[in-house]
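K.L.:
Would you mind keeping the following structure in view while I ask a few things?
Numbering (full-length UniProt numbering), first residue to last: 1 to 758.
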């Protein structure tokens, strides 16, 4: 039969794993949330920090009161809150949908409104209007295919030819013919579908008519919904911040109370491995879900390779929230009886029954009464004074303060960098998000997890104690910092980077080489000419409406991988064509792989110091203050690092923005960055912060002499120690009673001697 302790660790491990997935899934979603709701990085950084706004004022009190209560119930309640928070975040997609503009009911009036009413009526001939020669087959009796059409089919075919002239030629005769046909014949659904599809395409042509229609019906659609979803996601992350105060600050001491001390590094490494495996699964799932479009119906021609692609980010929050709720409820209702009565009797070699193991859901190091219940201060003032004494004890601990300072600097560097790393890599190397998240999961996070496991084995193998452990942590941190500087040298001129260079030369306002294209606010859709030179969009390349390898009438068959735009006036070479397939990506692919080789190496060394560093924090403080020390550590780290870090890094990234997307005369998300400046700035700041944190590692090394991290003490020894602590008051009373009896006997004896002497 499985013991209650085993059942508990199965449920706790499941909850801890699922909680860690949801905690990092936000990293894969933030890029798409920015795009969908037009949120700049500085604002999305504030949004990501929302969890810390709630975490900071709650974590100390949670660790203080939760450490004196049933820790399983507290952890279960926290994870239920995390589940609810995931549902809240996902609901923003449904409560505040960003509508795709439907121009069906406006298209005829919009086109008629754009036609110049003062066009001069004039004659035309086949020389000026070569397109009319294409109509000859329609009236040629020898064309059996056309002559077999019925009247409606001929009319529809004629309309298509006139539309082609109207959209691509733009002359007065084409406009008058289009107007005449539009007034005489009803607008067919096929015509509506074609025009609507042209306006809704994720790229623009050098065609003033369609670009005017696009601007009229799309310009202010997204700007109205920014604050609503922002506040909803912000509120969900606040709830998530409250929930995540409990699993870590209460979970580590709980495990410390229920495993042998000599095996503690292995258990801690397993716990951290589960904690790290969660983000791996979250990023892998996010990478797959982000291949799906946000509403499962992507615009024609838009693929995950496109910078404007919005993945199905909300679906992951629904999945993880649902999976987490059930096990969290089981953990919340876990029996509070400490004695594992279901465990079978075990006997030693002499046949004696070994006492049954206890599942210590309540901290066994805190003061308890004779019944084993935690002693809590009775009045509010007593609780306040007890809390102040605990915090004062921690603040006076030199090792704890030094380790905490180093963790603050490390998290300040790492948290914001990690949140925006996927965005940086997409800009720097031109790689789609789903691939980036897969690489981050399989190299960076897995490398870190392997480092954590190796670090725990190294502690036992090298017997790392005191200064040896502190020196180990310092060396690992130094190597990880140097790798960051190395990654600052790994860059590539991606397509976005080339466009950024053009903007730096020509300024942030550019409209291609033709003023009549009206490319303002045309969607970003990078394309290249045959020489590999990048253009912001086909419109900015001066491309006429249409494709080389597809007809305007079967554009729904167009594949973005083979799409070739022709008649591009702004292309400098003789082949006036642009296409995504012409963009050269081989160099960026090679350097993208080199970047992750460096990152995997640095992640392993970063993980090597995790378990020794955490044990230094736990062993530097009195055992009864472990939960509070972790809570206080989490409080200051969140206040000074995780809260401001995404905001600071978001502003650092926005400082390199060259072109903002405009929405209703306000700035939305950034479209083009100076990728060289961004690369150097990010990695120099990150590396310098990690180097600065070495000061604290040296401080801890100086004071860590004699600190024992792995105590060779069994749980039975701990229980004997507890029993001795309980017996101390009784022994004092017994000694006092015996002394009083001796004193009384001596007094009586003196009285008797005096009586006989008299």
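We put the CB at the ideal spot given by N, CA and C, even for glycine. Source: prediction; values computed, not measured.
Kindly give me the distance between the Cβ atoms of residue 243 and residue 90, rounded to whole angstroms, as I take these residues to be in contact under 8 Å.
P.N.:
Not a contact, Cβ separation roughly 16 Å.
K.L.:
Using the rule of at least 16 other Cβ atoms within 10 Å of the residue's Cβ for burial, across every protein chain shown, is residue 622 buried or exposed?
P.N.:
Exposed.
K.L.:
Do you know offhand how far residue 477's Cα is from residue 704's?
P.N.:
Rounded to whole angstroms, residue 477 to residue 704 spans 17 Å at the Cα level.
K.L.:
Per DSSP, residue 578 is paired with what?
P.N.:
According to DSSP, which records beta bridges pairwise, residue 578 is partnered with 565.
K.L.:
The alpha helix (DSSP H) spanning residue 388 covers which residue range?
P.N.:
Taken as a continuous stretch (DSSP letters only), the alpha helix (DSSP H) holding residue 388 covers 380-395.
K.L.:
Is residue 36 a contact residue of the ligand GTP, with contact defined as CB to any heavy atom under 6 Å?
P.N.:
No copy of the ligand GTP occurs in the structure displayed, which carries no ligand at all.
K.L.:
I'd like to confirm the pairing. Which residues does DSSP put opposite residue 311 in its beta bridges?
P.N.:
According to DSSP, which records beta bridges pairwise, residue 311 is partnered with 293.
K.L.:
Tell me the rounded alpha-carbon separation between residue 20 and residue 676.
P.N.:
Between residue 20 and residue 676, the C-alpha separation is close to 34 Å.
K.L.:
Using DSSP with H/G/I as helix, E/B as strand and the rest coil, what is residue 660?
P.N.:
If DSSP states are grouped into helix, strand and coil, residue 660 belongs with the strands.
K.L.:
Please give the ranges of any alpha helix (DSSP H) in the stretch 410-457, keeping only runs that are unbroken, at least 4 residues long and fully inside the region.
P.N.:
Within the stretch 410-457, the complete alpha helix (DSSP H) runs of at least 4 residues are 421-429 and 433-439.
K.L.:
Select from 427, 246, 544 and 227 the residue whose C-alpha is nearest the C-alpha of residue 43.
P.N.:
Here the closest residue by C-alpha is 227.
K.L.:
For the alpha helix (DSSP H) containing residue 482, name the first residue and the last one.
P.N.:
First-last of the alpha helix (DSSP H) with residue 482: 466-487.
K.L.:
Note down the Cα distance separating residue 140 from residue 580, rounded to an integer number of angstroms.
P.N.:
Per-residue confidence for residue 140 stands at a pLDDT of 46, beneath the threshold of 50, marking its modelled position as unreliable; the derived number appears in the next sentence. Cα to Cα, the separation comes out at about 40 Å.
K.L.:
Go ahead and pull the three-state DSSP assignment for residue 535.
P.N.:
Strand.
K.L.:
Between the C-alpha atoms of residue 678 and residue 536, what's the straight-line distance to the nearest angstrom?
P.N.:
Approximately 19 Å, taken between the alpha carbons.
K.L.:
Nearest-angstrom Cα distance between residue 546 and residue 210?
P.N.:
Cα to Cα, residue 546 sits roughly 13 Å from residue 210.
K.L.:
In angstroms with no decimal places, state the Cα-to-Cα distance between residue 275 and residue 569.
P.N.:
About 55 Å.
K.L.:
Please state whether DSSP places residue 126 in a helix, a strand or coil.
P.N.:
Interpretation of residue 126 is limited by its pLDDT of 41, a score under 50 that renders its predicted location unreliable; the figure taken from the coordinates is listed afterwards. Residue 126 falls in the coil class under three-state DSSP.
K.L.:
Once DSSP output is grouped into helix, strand and coil, what is the label at residue 669?
P.N.:
Residue 669: strand per DSSP, three-state reduction.
K.L.:
In the DSSP output, which residue or residues are listed as bridge partners for residue 570?
P.N.:
DSSP output for residue 570 lists no bridge partner at all.
K.L.:
Are the CB atoms of residue 684 and residue 408 within a distance shorter than 7 Å?
P.N.:
Not in contact: residue 408 and residue 684 (Cβ atoms no closer than 7 Å).
K.L.:
Counting pairs of Cβ atoms below 8 Å between the stretch 45-59 and the stretch 302-310, do you hit three or more?
P.N.:
Output reads no: the stretch 302-310 does not touch the stretch 45-59.
K.L.:
Could you give the distance in angstroms between the alpha-carbon of residue 397 and the alpha-carbon of residue 470?
P.N.:
The alpha-carbon atoms of residue 397 and residue 470 are separated by roughly 16 Å.
K.L.:
Does DSSP classify residue 761 as helix, strand or coil?
P.N.:
Here the chain has residues from 1 to 758 only, and residue 761 is not among them.
K.L.:
At a Cβ threshold of 7 Å, is residue 684 touching chain C?
P.N.:
Looking at the structure shown, chain C is missing, and only one protein chain is on hand.
K.L.:
Let's test the definition: count the other Cβ atoms within 10 Å of the Cβ of residue 702 and tell me whether it reaches 16, buried, or not, exposed.
P.N.:
That one is exposed.
K.L.:
Take every Cβ of the stretch 452-472, pair it with every Cβ of the stretch 605-621, and state whether three or more of those distances are shorter than 8 Å.
P.N.:
The stretch 452-472 is in contact with the stretch 605-621.
K.L.:
Under DSSP, the alpha helix (DSSP H) around residue 74 begins and ends at which residues?
P.N.:
From DSSP, the alpha helix (DSSP H) with residue 74 extends over 71-95.
K.L.:
Thinking residue 41 and residue 654 are a contact (beta carbons under 8 Å), I'd like their distance in whole angstroms, please.
P.N.:
Yes, residue 41 and residue 654 are in contact; Cβ-Cβ is about 5 Å, under 8 Å.
K.L.:
Hey, quick one: how far does the alpha helix (DSSP H) through residue 641 stretch, first residue to last?
P.N.:
Looking at the DSSP string, residue 641 is not in any alpha helix (DSSP H), and its letter there is neither H nor E.
K.L.:
Quick one: Cα of residue 524 to Cα of residue 576, how far?
P.N.:
Cα to Cα, residue 524 sits roughly 20 Å from residue 576.
K.L.:
Kindly provide the ranges of any beta strand (DSSP E) runs that are 3 or more residues long and lie completely inside the stretch 226-289, ordered along the chain.
P.N.:
Taking only runs of at least 3 residues, no beta strand (DSSP E) segment lies wholly in the stretch 226-289.
K.L.:
Assign residue 593 to one of two classes, buried (16 or more other C-beta atoms within 10 Å of its C-beta) or exposed (fewer than that).
P.N.:
It is exposed - the Cβ of residue 593 has fewer than 16 other Cβ atoms within 10 Å.
K.L.:
Can you tell me whether residue 10 is buried or exposed? The criterion is at least 16 other CB atoms within 10 Å of its CB, across all chains shown.
P.N.:
By the 10 Å Cβ count, residue 10 comes out exposed.
K.L.:
So, for residue 658: in the same chain, excluding its five sequence neighbours on each side, which residues have a beta-carbon less than 7 Å away from its beta-carbon?
P.N.:
Here the set comprises 500, 503, 504, 508, 672, 673 and 674.
K.L.:
Just the C-alpha distance for residue 707 and residue 449, rounded to the nearest angstrom, thanks.
P.N.:
Going from the Cα of residue 707 to the Cα of residue 449 covers about 26 Å.
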